[in-house]
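A.B. asks:
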Amino acid sequence: MTDLHLGPVRLAQLGAYIREQRESAQYSLRQLASVSGVSNPYLSQIERGLRKPSADVLQQLAKALQISAETLYVRAGLLDGEQGAAAEDGDERRGAEQPAERTGVLAAIAADPHLTPRQKNALREIYLSLRGQEGND
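According to the numbering used here, the stretch in the sequence shown is residues 3 to 139, in order.
Pasting the structure below:
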């Protein structure tokens, strides 16, 4: 997973999503660049849909924004929705069957545009704790 092969529309959508998550986390562009280790100009170009971020850069941004890297991978087209939902599950048993209910709840939390990244993380931790499965990505 190095460079993504995205069309201009998909790049613009990915950039807009990253910008939305940054603003939800109340980071300026410079703050997110500093926290994530991605340069300010490069991050600006990603947000404007001018650059194709690598999977590593997406992972750095996800960590800084406290969202799952899988969410960004799905948005970038690296994973399909089903792979992303299973990966967000936090289950380290790759390929293991996941209850549809559990996967659905975690996917719904990740996809809710009205929740901030911190709220999503808190809900995910609470849900996994209640299910008896502490989940750390």
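Glycine included, every Cβ here is placed at the ideal spot set by N, Cα and C.
The structure displayed is predicted, hence computed values, not measured ones.
Determine contact between the stretch 43-63 and the stretch 106-124, defined as no fewer than three beta-carbon pairs at a distance below 8 Å.
C.D. replies: no
A.B. asks: Distance, Cα to Cα, Leu-45 vs Ala-35?
C.D. replies: If you draw a straight line from the Cα of Leu-45 to the Cα of Ala-35, it is about 7 Å long.
A.B. asks: Of all the options Leu-74, Ile-69, Ala-78, which has the alpha carbon lying nearest to the alpha carbon of Arg-126?
C.D. replies: Ile-69
A.B. asks: Once DSSP output is grouped into helix, strand and coil, what is the label at Gly-51?
C.D. replies: coil
A.B. asks: By the three-class DSSP mapping on this structure, what secondary structure does Gln-23 have?
C.D. replies: helix
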